């Protein structure tokens, strides 16, 4: 396998946009790639309690070795630590980077073509769990500061907020942000993810949906029964099916009273921004292997994907699930349901409404537990910071940035936006086939180099700009 | 562990009812118990293809060693063999015994207190997979013929029909019976199962429900998706939930049009027979750990259990089922549904109606497969053969027989009743805690001895009677 130290850097797309930075990135390359390999080789699966402490320590060490003026490891009881770092700079302004050092579980292992913790370099890519989500963006940002540092003092103050529970719903993140509100004060924030789309344009994302993740369960007899008693013995599988069918019908509308009360419709500028980006629904259907979306009109489907809350069965199980027939009446049944929320829905409020609805619909016996909750957040497309990042991305990549007013996915933008009141734009080192959360997660070496270059350019422009 | 040869026979309950038989049973005891241990030690799990051929051979060998005049192993392609045996007798009449040599899978193994294939004898019991269902009844019947043979010629012709697929829905049983219709001709049939209830009364069962066991499945995208696309990508878990909820609602009524068309209400004599047997719904609820049945009125519940068809979810699965949250939109969902049928419902007809209902209710995308089908059958309580068996049971056990017009469970009585036109009564060697299909399946030695005694008495009386 090629070693990081001897792996040549792919050519940058627009070295002429900032020739001094381009040369400095080239000089930094070997170290940046070695740091990335080292970080990926440190497992950090919050869901499995695997390597979390060690990875927080390694992250802190990378900051220290890169000349940070302050590096702290924050702790809360029962929580993954948060790594905080600060780099002094000349200007008045402060840029905050949000990242996470935790990653998804690597399973199913048999579907990887090289071991997930190996960070194997091949065919112009690095393959490993967490390389795209979110270790390469983090290492690229630290490398970008070293790039700028090699040319002179930083043009602004830079802070890093690196959490360790993003992949399990950022359980303690809001507490951390609240507790360190003053310390984290900044003028703008660069979020963790992004990359280059199928047409080669850099993608910027301004918002995330929220989440209310609920487990529903029902209990019948004290153990599985012979199904011959099905005429009279309560069946938790039926109870759960009926409760689920009450939540949402084939029309896709969630039937929990008040569920849509706090849904804010998209603004005119958000709609304009949506329509400024091409969308290919036919390609999406083909990739998914489906005939049709659940929303018939493609334009409506696109808006629903971004601006409508969802109610999705993520899984369920009960009774016998093996091959062939087994005549059993199950004792228990469970289902996982996630609801993607939009501004201004509140997961606690949605959960209370769900509980009340179950009670009032005759399903008081169905247990419900809120496993994870997050609020949605969106930065307006017209914000000057959005324009600045779009400009630097275009300069660095040589193609216009495509601005997504929100992802359909969820993440903890809300605590940062709510507590710190900063605009947020997400950009990263991935591409359309990075396979985040899936086997063979990878990034292209070229995108990693380009990400360092873009981040260096962005910090410099941010220090100069009024935005 | 005590050896079968040196395990003393428990005292019979009513040795005075037939002192010559009682003495002969005592003489047979060691051999009968040794045969039973040997048969249980031969695994024979049709569902797992484990030991089926070997167990058929061993069964045939037991018949040969017991003086059968004809022993045959019948075969059909892809089917477990059927073992047929015939014992000549003096009278004109022929009694048929139906048994099966196959047993349920032993899993979960960790819940057994002694290995399932060990047939351990302890505390007056024999513990092993299949000992109650249905190896002890089979061995007791063969032993009973040796008991009678030790006293003179058999008073009637006796035939044995021993199948090897009862626990997987008797897939080929009807074909076997049809193919050997003439050979199997008889005047009456003793079915495979039964025992002594909690009050010490021998139980006789005259009927079995039928079965239509269906697997439903739905398919969404070509692989599991990130659940953020839940607003527009079809979710097979939802499709299945809605299809299931369409089949049956919380009122318990099956909504498939025509489902109840062929349901025959119980006759007056069946109802009289039901009410002649005590029923303790409170004890049943307590055993199950439930507050209430799904049918509020206890009398209605009792009749529903016996005379109403069911629609039971035996299991379902889709997507993520591990601990905590995982935001996935599943690619597939499956459910197992069993419908217990009553006379004169036909599983093929019920399945066609189900398919049509799904198609007409907007669920043409939900796949359905009939895994197993059986028709119900009941012998009228007033049949003279029922009265004969009730009389011999009462004589052998010293307590009145309790007659169940039907079990709530299913089994292949229909092919025998339909093809051979014989009355059927089921009786066996079990008791209320025999744990058929469950870990620690067992019988009491006393019930085994009593079963041999009763079977010998029954064959003798059958040979004598006009019934």
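Residue numbers (this note's numbering), protein chains in the order written: chain A, 9 to 475; chain B, 9 to 475. For every residue, glycine included, the Cβ atom is placed at its ideal position computed from N, Cα and C. Just so it is clear, the structure is predicted and the values come from calculations on it, not from any experiment.
Would you please state the rounded distance, in angstroms, between the beta carbons of residue 17 of chain B and residue 457 of chain B? I believe it to be under 8 Å.
5 Å
Could you tell me which of A/35, A/129 and A/469 sits nearest to residue 49 of chain A, measuring between CA atoms?
A/129
Between the C-alpha atoms of residue 32 of chain B and residue 429 of chain B, what's the straight-line distance to the nearest angstrom?
34 Å
Looking at residue 99 of chain B: is its Cβ nearer than 8 Å to the Cβ of residue 164 of chain B?
yes
So is residue 412 of chain A in contact with chain B if we call contact Cβ pairs under 8 Å?
no
Cross-chain neighbours of residue 359 of chain A in chain B, by beta carbon under 7 Å
The contacting residues do not exist; residue 359 of chain A stays about 13 Å from chain B at best.
Excluding the five sequence neighbours on either side, which residues of its own chain have a C-beta within less than 8 Å of the C-beta of residue 443 of chain A, listed in chain order?
140, 449 and 450
Output the boundary residues of the beta strand (DSSP E) element that contains residue 321 of chain B.
320–327
Please confirm whether residue 328 of chain A has its beta-carbon closer than 8 Å to some beta-carbon of chain B.
yes
Starting from residue 170 of chain B, trace the beta strand (DSSP E) both ways and give me its first and last residue.
165–171
Report back the beta-carbon spacing between residue 229 of chain A and residue 296 of chain B to the nearest angstrom; my notes put them in contact at under 8 Å.
4 Å
Verify the CB distance criterion: does residue 246 of chain B have a CB-CB separation below 8 Å to chain A?
yes
With C-beta atoms as the reference, is residue 108 of chain B less than 8 Å away from residue 142 of chain B?
yes
Partners in chain B for residue 241 of chain A, counting only beta-carbon separations shorter than 8 Å:
296, 298, 301 and 302
Residue 180 of chain A: contacting residues in chain B (beta-carbon distance under 9 Å)
Simply none; closest approach about 15 Å.
Among A/157, A/55 and A/279, whose alpha-carbon lies nearest the alpha-carbon of residue 468 of chain A?
A/157
Write down the C-beta distance between residue 347 of chain A and residue 319 of chain A rounded to the nearest angstrom, noting that I regard them as a contact closer than 8 Å.
5 Å
Would you mind telling me which residues of chain B sit closer than 9 Å to residue 98 of chain A, beta carbon to beta carbon, in chain order?
Those do not exist, as residue 98 of chain A stays about 40 Å from chain B at its closest Cβ, beyond 9 Å.
Does the CB of residue 353 of chain B have a neighbour CB from chain A at under 8 Å?
no
Nearest to residue 94 of chain B (by Cα), restricted to the options B/121, B/254 and B/170:
B/170
Would a check of beta-carbon distances place residue 120 of chain A closer than 8 Å to chain B?
no
Residue 349 of chain B to residue 384 of chain B, Cα distance in whole Å?
6 Å
Nearest chain A C-beta to residue 176 of chain B closer than 8 Å, yes or no?
yes
As assigned by DSSP and simplified to three states, the class of residue 95 of chain A
strand
Since residue 369 of chain A and residue 254 of chain A should fall inside the 8 Å C-beta cutoff, what is the C-beta to C-beta distance between them, to a whole number of angstroms?
5 Å
Give me the DSSP bridge partner(s) of residue 210 of chain B.
B/204
Using only the alpha-carbon positions, how far apart do residue 310 of chain A and residue 287 of chain A sit?
8 Å
Residue 451 of chain B CB to nearest chain C CB: under 8 Å?
Here the protein chains are A and B, and chain C is not one of them.
Counting only beta-carbon atoms, is residue 346 of chain B nearer than 8 Å to chain A?
yes
Report the neighbours of residue 230 of chain B on chain A: residues whose CB is nearer than 7 Å to its CB, in chain order.
296 and 297
Can you pull the DSSP bridge partners for residue 340 of chain B?
B/227
Hey, is the region 418–436 of chain A in contact with the region 214–232 of chain A, meaning 3+ C-beta pairs nearer than 8 Å?
yes
With a threshold of 16 other CB atoms inside 10 Å of the CB of residue 14 of chain B, please say whether the residue is buried or exposed.
exposed
I want to know whether the region 149–156 of chain A touches the region 119–135 of chain A - three or more CB-CB distances under 8 Å.
no
Using the beta-carbon of each residue, which ones in chain B are nearer than 8 Å to residue 337 of chain A?
320 and 322
Length-filtered (4 minimum) alpha helix (DSSP H) runs lying within the region 228–307 of chain A
244–255, 276–283 and 289–296
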